[in-house]
Amino acid sequence: MEAAFHRRFILQLALGLIALLGLAVLLNRAANPYCLFATDWLPAKSKPETFTHLRLVKAMQVRHVKPQAVILGSSRAETGLSPEHAGWKARPAYNLGLSDARLYEIKSYFEFACSQAQVKQAMLLLDFTAFLPGGRNSPDFSEERLQGFSAEDYLLGLCSWDATSGSLNTLLGRQGEKSYLANGSRDVSVENARVKAKGGALRAFLAYEKRFMTAGTAPTHLDEEAQQVFRDILAVARRHSVDLRLAVAPVHARYLEMLDRCGQAALFEEWKKWITAEVEKEAVDSKQSAFPLLDFSGYNEFTTEPVPEKGLATYYLESSHFTQALGDKLLDRLFSDEAPATPGAFGFRMSSAQMEAHLTAIREARERYHRERAEELASLPQPQ
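Be aware that the sequence shown starts at 35, since it is given in the working numbering, and climbs by one per residue.
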């Protein structure tokens with residue numbers, strides 16, 4: 035009698051657990067918090083768990099969307115560049131930027147996109163820091179995910195408590211740490227709200243700059259592995275006949291001043307020379323035209339935008355991340371057939387032949403910036 039009771043109890047418990055698991059699977063399929071499936075059974079306004087599972091979500095979205103144009107880069111790319119810009123002739127376009135991305139991750143996702151669709155256009159936003167030693171791939175980066183069906187991802191997305199919690203957050207409309215649109219870009223309105231919550235543009239700038247200046251010892255050389263990965267990215271584009279365009283990110287002039295105070299200004303210039311030489315070398319080796327490489331950094335009318343004490347800046351969220359207002363100007367220039375900009379200007383097409391003239395023009399513009407904005411520069415945090 036007692037043994038039969040125990041068996042019934044265990045059976046009922048097992049059936050109850052199976053029922054609960056089944057309900058969780060149905061809920062997670064309905065809410066689809068990690069975009070495992072192309073459609074949602076219960077559509078929601080946003081996916082608050084995207085940022086916490088960014089590399090999973092964007093891999094799945096590439097499978098669903100099958101983009102013919104992609105934006106590549108780090109959080110600067112996903113924040114400031116829009117797949118809706120008119121310059122994207124190949125559609126659909128998708129923002130494949132990844133927060134804190136290393137070059138290896140960028141290359142891997144670029145290759146993956148090319149394996150899933152006929153990618154015709156790509157734009158790579160280049161970050162100097164991605165070429166420095168010491169970084170590592172994100173913990174949620176998975177090679178297996180990009181090579182085929184990943185049972186682990188579906189178990190995570192359908193059967194885990196993490197997914198169930200994410201589904202509830204999705205259906206209840208809760209705000210995630212970062213908010214993303216279906217096209218892969220960050221939600222501009224949410225980014226602006228975050229700046230306002232910090233007390234306005236100036237406080238957001240200073241908060242970022244303080245973190246930057248306390249990050250530890252700055253590297254003094256480029257990472258050889260990252261340099262090889264950059265060559266690999268060029269090779270992927272050439273192999274798949276992708277119209278690849280490259281751009282040096284338009285960080286605010288205050289960011290360049292922090293690089294200088296950390297002793298990295300000279301290395302930043304050497305990096306520009308190196309990427310230019312590599313793009314030209316790849317063109318010679320492939321016997322084709324060089325991929326366009328434009329420099330949007332420096333001291334120009336946009337990157338020296340005064341920072342308002344209250345409210346929002348027009349072109350920057352803080353000294354590292356630019357807004358889509360500036361991103362649109364960048365893409366206008368990148369896709370334009372107009373006459374080339376002069377050395378030192380916003381969107382100058384870099385070449386080894388004109389590199390010294392370009393860097394000299396930037397240095398001269400920096401001197402003017404120092405003369406005209408000395409009081410503002412005095413407020414920048416010092417290295418610690």
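Idealized CB from N, CA, C, for every residue including glycine.
Scanning Asp319, Leu290 and Ser108 for the CA closest to the CA of Asn171 turns up Ser108. In the DSSP assignment, Asn226 falls outside any beta strand (DSSP E) and lies within the alpha helix (DSSP H) extending over Val222 to Ala231. Rounded to whole angstroms, the gap between the alpha carbons of Phe85 and Pro101 is 20 Å. Residue state for Gln298 is assigned as coil, using DSSP reduced to three classes. Shown here, Ala156 sits in a strand according to DSSP, grouped into three states. The secondary-structure analysis by DSSP pairs Asn129 across a beta bridge with Ile105. Excluding residues up to 5 positions away in sequence, Asp362 and Leu365 lie with their Cβ nearer than 7 Å to the Cβ of His119 in the same chain. In the structure shown, the three-state DSSP call for Leu328 is strand. When C-alpha distances from Tyr350 are compared across Leu206, Tyr128 and Gly234, the shortest belongs to Gly234.
Check the Cα spacing between Phe382 and each of Leu206, Ala324, Lys232 and Phe330: the tightest is with Phe330. A contact between stretches requires three or more CB pairs, one per stretch, nearer than 8 Å, and the stretch 259-273 fails this requirement with the stretch 218-228. Between the stretch 280-298 and the stretch 313-331 there are three or more inter-stretch CB-CB distances shorter than 8 Å, so the stretches are counted as touching. Boundaries of the beta strand (DSSP E) around Leu280: Asp277 to Val282. Between the C-alpha atoms of Gly182 and Phe325 there is a straight-line separation of about 30 Å.
Your pair Leu280 and Ala78 does not check out as a contact, with CB atoms roughly 36 Å apart and the cut at 8 Å.
Each of Ile105, Ala72, Ala64 and Phe165 was checked against the Cα of Ser201, and the nearest Cα belongs to Ala64. Residue pairing for Arg383: DSSP places it in a beta bridge opposite Leu328.
According to DSSP, residue pairing for Tyr214 in a beta bridge involves Arg220. Excluding residues up to 5 positions away in sequence, Asp221 lie with their Cβ nearer than 7 Å to the Cβ of Leu215 in the same chain. Residue nearest to Leu411 within the set Val313, Ser323 and Arg288 is Arg288 (criterion: CA-CA distance). For Asp319, the closest alpha carbon among the candidates Glu304, Leu268, Pro342 and Gln298 is that of Leu268. In the three-state reduction of the DSSP assignment, Phe146 falls in the helix class.
In this model, Ser133 and Arg110 are separated by some 8 Å (Cα to Cα). Boundaries of the alpha helix (DSSP H) harbouring Asn203: Trp195 to Leu205, taken from the DSSP string. Shown here for Tyr143: same chain residues with a beta carbon closer than 6 Å to its own, the five before and five after excluded, namely Leu130 in chain order.
Counting along the chain, no alpha helix (DSSP H) covers Glu339, and no H or E run does either. The three-state reading of DSSP puts Tyr350 in strand, counting E and B together.
Asp74 and Asn66 have their C-alpha atoms roughly 6 Å apart.
In this structure, the beta-carbon distance from Asp187 to Leu55 does not fall below 9 Å.
Scanning its chain for C-beta atoms nearer than 6 Å, with the 5 sequence neighbours on each side dropped, one finds around Glu83 the residues Pro67 and Gly200, in chain order.
A Cβ-Cβ distance of about 16 Å is found for the pair Glu291 and Leu393, leaving them out of contact under the 8 Å criterion. For Thr394, the enclosing alpha helix (DSSP H) has its first and last residue at Met389 to Glu406. The beta-carbon separation of Lys244 and Pro415, rounded to 5 Å, stays under the 8 Å limit for a contact. Ranked by Cα distance from Ala299, the first of Ala227, Thr310 and Arg400 is Arg400.
Excluding its 5 nearest sequence neighbours in each direction, Asn203 has C-beta neighbours in its own chain below 7 Å: Pro82 and Glu83, listed in chain order.
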